[in-house]
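Student:
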Amino acid sequence: MLFAGSLGHRALNLVLMFCHLVSSLPTLHHGQPRRYELVLTWELGSPDGYQREMFKINGQFPGPLLEINQGEEVEIFVSNKSPYNTTVHYHGIEMLGTPWADGVPGITQIAIQPGCAFTYRWTATQHGTYFYHSHSDSQVNDGLYGPIVIHAAPGTAKPYGLLTKDPRALQAISKAEAERVPLLIGDWRHLTSSKEWAISKASHIEHLCFDSIIVNGKGNVNCLTPEQQAPLTTPGQLGLLGNLTLTSKSCVPPEALAALSDAIGTVDADISVIPPDLFGECTPTTTAGEVVTVTKKKCDTLTEGKWAVFDLVGAFSLHTAMISLDEVRMYVVAIDGNYIAPVPADAVLLVNGQRYTVLAHFVTPKAYKLRISSVIDPQIMYGHATIDYKVEGQEQSPSPSVPFINERGMNLTADIIVFDGMRNAIPFPAGKNVPSASVDATYKVTMGFGASISEFIFNGTARPEPDPGAPNHVPLLFDPQPGLQDNHTITVASSSSWVDYIIQVTPGQPPHPIHVHGRHFYVLGAGQGAFTWDTVDAAAKELPPGTINLVNPQLRDTFVTPASSLTAPAWLALRRASDNEGVWMIHCHIQSHLQGGMSMIIQDGTDGGIEVPKEYREYQCQAH
């Protein structure tokens, strides 16, 4: 009996061990790269129930997950079977020592032409959540994007001990992190990006009206009646509308945008070229949305309930949205792939290009809504996904989950905690990821409108787009311009330099999500009015305490400028190391703003030239 009992006890322990085993990505043999193949096609799809032409990657949308272990070499073979020139950019990946793999046409590579292929090779020096997407035209709007997860190397310090000291809870959280679920949240149009851009250029206004919000490529069109729109209309919308009303898509109509163009003094808008269905004619759909199933097994006895980790990825073209999980408080534990001290939050503001990793603890089995509500003034738009929490052997509660926010992202009760992206993100571990206390240079750049409100520019000039498909075109990385400083270019000669970038936005500007390729940057501060100081240090001495953070600023690759008033500018201060030699872009991540010219080049340590491998320097179309 003792022998049999021992076997039974050992069997139970084996079951529990298997149940609590932290799954991980298999390691590769030494020297073997992590390989993926991405096949790009142009075909019909209907993410929100409306069929249109779009990109698919390996036959799916979004593209497949690229799952990698930190420290691995990565090799990605991209086969372009679409009819368009394209590239693939790995958003947030610093590309240390491999700037030719950054995926920007005309800057780091020749575009991949139809029928051709290209191999990207880089090292996963970071950990966290990122995403890949096209960097050609506005192809993100057509579905060319997918998730990246890089699992942290063994021994990496993680912030979960600040939440709990219970070893069983920490084990459960570790398992949840290993099984993290990327949620790519985007806005979607029924018009292809090329057609929309042609209309935008002809009309001289930016088209700020979309059809739906999608999560992992799934969503539906929601239409509101005027009576439903009324309580959700913001003061900003009312200011834009004047005597006009929202369209059936809950959009500020083109007439209001034309009036804004007149008020700002740009080129006269021509709204006669805008098709009626671009801003109006809302037809609801009932397509099944994304459902993520979280299951607590009977053998899972580590903790009461179940921990889960979700990666919120801002795959928007334009919109910014408030994200909230009904009834369940989240903990923000990482931003743009970088750990922070955990911050409780009932709602998180997700900006185009940013990523937030959140931890959630489920207790009651039921279907919880993850709500996504746009907060921009030009449109009321919302969507949702479902987190379906199940417990083996228990019935789910049939009651609908109770929201924290409404369709406009507004709090439904006063005690809701909204994550403060400027002040609450404290890097973890404390004191490790800190910027240099001094800088070698300070550059001020200005963002604003160009000739029309569909043209957005840096330093009064739209950066000219080279023809990346031209056979004789040489990417800037292959032929950097030593010492060049102009409206489109900042050259940092020494690769050991630290540089402050003061982003100044002119009056009447919306928030611009600034994305910098290569090294991430530290967010030092932001404010209203003109930045009149020569340096950040000088500003810190005169501004109110706390405006400038030189002690523990957050590390990001994408951050949003403050909106400026109609009569005064605003500013954002960033600090960045220039130790990653290459030619990098800094740009607004709103697709229409980027395509309209709102980008610059940073040349880091290029005065001696960059030694580009022969296979990239002499790249010719690789038949697939």
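Numbers -24 to -1, 1 to 600, taken from mature numbering (1 follows the signal peptide of the UniProt record, and there is no 0), label the letters of the sequence shown in order. Quick reminder that beta carbons are idealized off the backbone N, C-alpha and C, glycines included.
In chain order, what residues of the same chain have a beta carbon less than 8 Å from the beta carbon of N(-12), not counting five sequence neighbours either side?
Tutor: As a first step, residue -12 is located in the sequence shown; it is residue number 13 there, counting from the start. Reliability fails at N(-12), whose pLDDT of 43 lies under 50, so the model's placement of it is uncertain and the value that follows must be treated cautiously. Taken in chain order, the list of residues that qualify is empty.
Student: Might you give, ordered along the chain, the residues of its own chain that have their beta carbon closer than 7 Å to the beta carbon of L531, omitting 5 neighbours on each side?
Tutor: Position 555 of the sequence shown holds residue 531. Once the five neighbours on either side are set aside, the close Cβ partners of L531 are N314, P403, N409, H496 and Y498.
Student: Output the distance between the C-alpha atoms of E43 and F292, rounded to the nearest integer angstrom.
Tutor: Counting from one through the sequence shown, the residue named residue 43 turns up at place 67. Counting from one through the sequence shown, the residue named residue 292 turns up at place 316. Their backbone Cα atoms lie some 22 Å apart in a straight line.
Student: Is I586 buried or exposed, if buried means 16 or more other CB atoms sit within 10 Å of its CB?
Tutor: Here residue 586 refers to the residue found at position 610 of the sequence shown. It counts as buried.
Student: Using the Cα positions of P374 and Q205, report the straight-line distance between them to the nearest angstrom.
Tutor: Locating residue 374 in the sequence shown gives position 398, counting from the first residue. Locating residue 205 in the sequence shown gives position 229, counting from the first residue. Approximately 29 Å between the Cα atoms of the pair.
Student: Where do the N-terminal and C-terminal ends of the alpha helix (DSSP H) with K171 fall, by residue?
Tutor: Sequence index remark: in the sequence shown, residue 171 carries index 195 (1-based). Run containing K171: S169 to S179, per the alpha helix (DSSP H) assignment.
Student: Locate the alpha helix (DSSP H) running through F255, then write down its first and last residues.
Tutor: Counted from its first residue, the sequence shown places residue 255 at position 279. Following the DSSP letters along the chain, one finds F255 inside the alpha helix (DSSP H) bounded by residues P252 to F255.
Student: In angstroms with no decimal places, state the Cα-to-Cα distance between E591 and N382.
Tutor: The residue labelled residue 591 in the question sits at position 615 within the sequence shown. The residue labelled residue 382 in the question sits at position 406 within the sequence shown. Roughly 53 Å between the two C-alpha positions.
Student: Report the three-state DSSP secondary structure of K57 (helix, strand or coil).
Tutor: Position 81 of the sequence shown holds residue 57. The answer is coil: DSSP assigns K57 none of H, G, I, E or B.
Student: Verify whether the separation of the beta carbon atoms of A178 and D246 is less than 8 Å.
Tutor: Position 202 of the sequence shown, counting from 1, holds the residue named residue 178. Position 270 of the sequence shown, counting from 1, holds the residue named residue 246. Closer than 8 Å, so yes.
Student: Below 8 Å on the Cβ atoms is my guess for I33 versus P40; work out the distance and round it to an integer in Å.
Tutor: Residue 33 sits at position 57 when you count from the first residue of the sequence shown. Residue 40 sits at position 64 when you count from the first residue of the sequence shown. Contact holds; Cβ gap of about 7 Å.
Student: How do the segment 256 to 267 and the segment 202 to 222 stand: do at least 3 beta-carbon pairs fall below 8 Å, yes or no?
Tutor: no
Student: Is it buried or exposed for C199, if we count other Cβ within 10 angstroms and need 16 for buried?
Tutor: Within the sequence shown, numbered from 1, the residue matching residue 199 stands at position 223. Counting Cβ neighbours within 10 Å, C199 comes out exposed, since fewer than 16 surround it.
Student: Starting from the C-beta of R551, find all residues in its chain whose C-beta is less than 6 Å away, skip the five residues before and the five after it, and write them out in chain order.
Tutor: In the sequence shown, residue 551 corresponds to position 575, counting from 1. For R551, where only same-chain residues beyond five positions count, the Cβ hits under 6 Å are P411, D476, Y498 and L500.
Student: Output the boundary residues of the beta strand (DSSP E) element that contains C320.
Tutor: Taking the sequence shown and counting its residues from 1, one reaches residue 320 at position 344. The residue asked about is misnamed: residue 320 is Pro in this sequence, not Cys. Counting along the chain, the beta strand (DSSP E) containing P320 begins and ends at N314 to A321.
Student: How would you write the range of the alpha helix (DSSP H) that S430 sits in, first residue to last?
Tutor: Counting from 1 along the sequence shown, the entry for residue 430 is found at position 454. Note, S430: premise wrong, no alpha helix (DSSP H); not H, not E.
Student: Helix, strand or coil for Y595 per DSSP?
Tutor: Taking the sequence shown and counting its residues from 1, one reaches residue 595 at position 619. Coil, per DSSP.
Student: Quick one: grab the DSSP three-state call for V327.
Tutor: Taking the sequence shown and counting its residues from 1, one reaches residue 327 at position 351. Note: V327 maps to coil in three-state DSSP.
Student: Among all the DSSP beta bridges, which residues are the ones paired with M30?
Tutor: Taking the sequence shown and counting its residues from 1, one reaches residue 30 at position 54. DSSP, once it has assigned bridges, lists E19 as partnering M30.
Student: Tell me the rounded alpha-carbon separation between L326 and K273.
Tutor: Taking the first residue of the sequence shown as 1, we reach residue 326 at position 350. Taking the first residue of the sequence shown as 1, we reach residue 273 at position 297. Each residue's alpha carbon lies about 32 Å from the other.
Student: Taking its Cβ as the centre, do 16 or more other Cβ atoms sit within 10 Å of P444, making it buried, or is it exposed?
Tutor: Along the sequence shown, read from residue 1 onward, the residue named residue 444 stands at position 468. Low confidence applies here, because P444 scores a pLDDT of 49, under 50, leaving its location unreliable and the question unanswered by this model.
Student: What residues in its chain sit with their C-beta under 8 Å from that of P595, if we drop five residues either side in the sequence?
Tutor: Looking up residue 595 in the sequence shown gives position 619. It should be noted that the sequence gives Tyr, not Pro, for residue 595. Same-chain partners within the cutoff: Q85, I86 and F94.
Student: Give me whichever residues DSSP pairs with residue 647 in a beta bridge.
Tutor: Examination of residue 647 is not possible in this model, given that the chain is present from -24 through 600 alone.
Student: Just how far apart, CA to CA, sit P341 and V267?
Tutor: What you label residue 341 is simply residue 365 of the sequence shown in a count that begins at 1. What you label residue 267 is simply residue 291 of the sequence shown in a count that begins at 1. For P341 and V267, the distance between alpha carbons rounds to 15 Å.
Student: Alpha carbon to alpha carbon, how far is I356 from T209? Give it in angstroms, no decimals.
Tutor: The residue given as residue 209 occupies position 233 in the sequence shown. The residue given as residue 356 occupies position 380 in the sequence shown. Going from the Cα of T209 to the Cα of I356 covers about 8 Å.
Student: With a threshold of 16 other CB atoms inside 10 Å of the CB of T223, please say whether the residue is buried or exposed.
Tutor: Locating residue 223 in the sequence shown gives position 247, counting from the first residue. When all chains shown are included, T223 counts as buried.
Student: Would you report the Cα separation of T389 and E303, rounded to the nearest angstrom?
Tutor: Counted from its first residue, the sequence shown places residue 389 at position 413. Counted from its first residue, the sequence shown places residue 303 at position 327. In a straight line, the C-alpha of T389 is about 12 Å away from that of E303.
Student: Flag this pair as yes or no: are the beta carbons of S575 and H563 separated by less than 8 Å?
Tutor: Within the sequence shown, the letter at position 599 stands for residue 575. Within the sequence shown, the letter at position 587 stands for residue 563. Their beta carbons are under 8 Å apart, which means S575 touches H563 by this criterion.
Student: Going by other Cβ atoms of all chains shown within 10 Å of its Cβ, with 16 needed for buried, is L(-18) buried or exposed?
Tutor: For the purposes of this step, residue -18 is identified with residue 7 of the sequence shown, where counting begins at 1. Its pLDDT being 35, under 50, L(-18) is placed unreliably by the model, and nothing is read from it.
Student: For F454, I'd like the list of residues in its chain whose CB is within less than 7 Å of its CB, leaving aside the five on either flank, ordered along the chain.
Tutor: Locating residue 454 in the sequence shown gives position 478, counting from the first residue. Excluding residues within five positions, the ones whose Cβ falls inside 7 Å are V588 and R593.
Student: When you compare only the Cα positions, how much space is there between T140 and G131?
Tutor: Here residue 140 refers to the residue found at position 164 of the sequence shown. Here residue 131 refers to the residue found at position 155 of the sequence shown. Per the coordinates, the alpha-carbon of T140 lies some 19 Å from the alpha-carbon of G131.
Student: Excluding the 5 residues flanking T279 on each side, which residues of the same chain have their C-beta closer than 7 Å to its C-beta?
Tutor: Counting from one through the sequence shown, the residue named residue 279 turns up at place 303. R144, A145 and A148.
Student: So if DSSP puts W474 in a beta bridge, which residue, or which two residues, is it bridged to?
Tutor: Taking the first residue of the sequence shown as 1, we reach residue 474 at position 498. Beta-bridge pairing links W474 to A553.
Student: N528 to D416, Cα distance in whole Å?
Tutor: On the sequence shown, residue 528 is found 552 positions in, with the first residue counted as 1. On the sequence shown, residue 416 is found 440 positions in, with the first residue counted as 1. For N528 and D416, the distance between alpha carbons rounds to 20 Å.
Student: Considering Cα atoms alone, identify which of E368, V228, S472 and V191 is closest to P202.
Tutor: Position 226 of the sequence shown holds residue 202. The candidate whose alpha carbon is nearest that of P202 is V228.
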